[in-house]
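A short write-up of the structure that comes next.
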Amino acid sequence: MSIQETVRSAVSVEERNKKTIRAVFDTFVNRGDFSIVEEIYSPDMIDHQPLPGAPEGLEGVKYTIAGLREGFPDLHVTIEDMSAHGDHVVIHNTWRGTHRGEFLGMPPTGRYIEFQGVVVWRLLDDGLIAERWGIGVESNMLSVLGMRRLAPSSRGAARAAARRTVEPATVLLPLPEGGAARWKDVQAEFSGPRLREYEASRRRAGILQESFALRRLGDRDVLVHRLEARDPAGAAKRLAQSRDAFDVWLRAAAAVALGADPWESFAAEHAEHAGKTAEREHTWSSVTSELSSAA
């Protein structure tokens with residue numbers, strides 16, 4: 011039975027799409043089985059973050075994965091979290107491998123790398139993958155290889171140690187008409203004059219890091235909402251139920267901008283997993299107590 015025949019037996023379109031994305035990593039990336047490409051990708055597939063020099067379409071998909079596997083023969087990607095939203099699937103994953111081959115012109119260093127990122131996929135009605143957006147994947151890989159100059163951080167070790175004890179989770183929120191502009195106004199408030207209240211709120215909820223990234227996927231705006239906490243669903247639930255004045259204000263303002271309370275949606279989406287930059291992007295970390303925004 012082909013991959014497409016298998017995924018058609020799923021109980022819903024979203025479950026079918028999640029099954030297809032799992033096959034991308036389990037079969038294609040991790041095992042190097044390129045025969046699956048024609049079965050799960052659209053011929054007009056668009057990868058918005060391919061390796062430099064990749065051609066368009068399916069050949070570009072193969073070029074990118076072949077380049078990664080040549081540079082890192084033991085490459086393995088673990089899906090840490092996955093959620094489906096209509097025709098989109100969003101995952102948070104961890105990439106691991108040893109740099110034993112040439113990669114982007116860089117000779118092998120023998121260095122073991124491990125990094126994380128978020129990837130968003132769009133699938134067609136027939137279940138074929140149409141588009142891919144990487145959020146942080148490529149930049150994180152270059153960072154650990156030393157292929158990009160980074161600002162020094164005296165607290166890098168503390169940040170890394172703290173993150174080993176937490177779990178990441180991500181949700182994709184489709185925005186209503188005008189939602190992106192309204193959200194930017196809300197974000198400007200809690201990342202500016204009300205930053206200290208926001209930081210205190212996240213610490214009370216047990217959140218190590220929270221980020222919001224606006225993205226244009228196809229013909230719609232979406233907000234990629236990511237949490238790092240020992241219990242992401244529990245932390246989101248605490249925020250959704252909090253009676254603290256700031257939390258009540260932020261939930262109400264966000265609901266007006268986004269059409270729903272994002273923390274309530276997050277808690278509901280990830281309840282079963284509990285315990286386990288084009289547009290402006292917001293990231294807050296309780297380890298460094300820094301807020302960074304990039305246009």
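For what it's worth, this note's numbering labels the leading residue of the sequence shown as 11, then goes sequentially.
Even for Gly, the Cβ is constructed at its ideal location relative to N, Cα and C.
Please read these numbers as outputs of a predicted model, since none were measured by experiment.
How big is the Cα-Cα spacing for L185 and G269?
7 Å
Have a look at P203 and Y122 and give me their C-alpha separation to the nearest angstrom.
42 Å
State whether the region 140-147 contacts the region 191-211, with contact taken as three or more CB pairs (one from each stretch) at a distance under 8 Å.
no
Going along the chain, which unbroken runs of the beta strand (DSSP E) with 3 or more residues stay wholly within the region 171-211?
177-184
Going by DSSP in three states, P272 sits in which element: helix, strand or coil?
helix
Boundaries (first-last residue) of the beta strand (DSSP E) holding A94
H86 to H95
Quick one: grab the DSSP three-state call for E66.
coil
Can you tell me the Cα-Cα spacing of P118 and G67, whole angstroms?
28 Å
For the ligand COA, any of its heavy atoms closer than 7 Å to the Cβ of P186?
In terms of ligand content, the structure shown is empty, and the ligand COA therefore cannot be addressed.
Identity of the residue in E209, V258 and W273 nearest L233 by Cα:
W273
Tell me which residues share the same chain as H58 and place their Cβ nearer than 8 Å to its Cβ, disregarding the 5 neighbours each side in the sequence.
E141, R142, W143 and G144
In chain order, what residues of the same chain lie with their CB nearer than 8 Å to the CB of P178, ignoring the 5 residues before and after it?
E90, D91, H102, Q126, R236, L237, E238 and P242
Between R192 and V266, how many whole angstroms is the CB-CB distance? I'm expecting something under 8 Å.
7 Å
Between D231 and the rest of its own chain, which residues show a CB-CB distance below 7 Å, the 5 nearest in sequence each way excluded?
L185, G189, A190 and L224
For S7, count neighbouring Cβ atoms within 10 angstroms of its own Cβ and tell me buried if that reaches 16, exposed if not.
The structure shown does not extend to residue 7, since the chain spans only 11 to 305, so no value can be given for it.
Taking the alpha-carbon positions, what's the G156 to A262 distance?
43 Å
Euclidean distance between Cα positions of M55 and F82
24 Å
Determine whether the beta carbon atoms of T88 and T108 lie at a separation below 8 Å.
no
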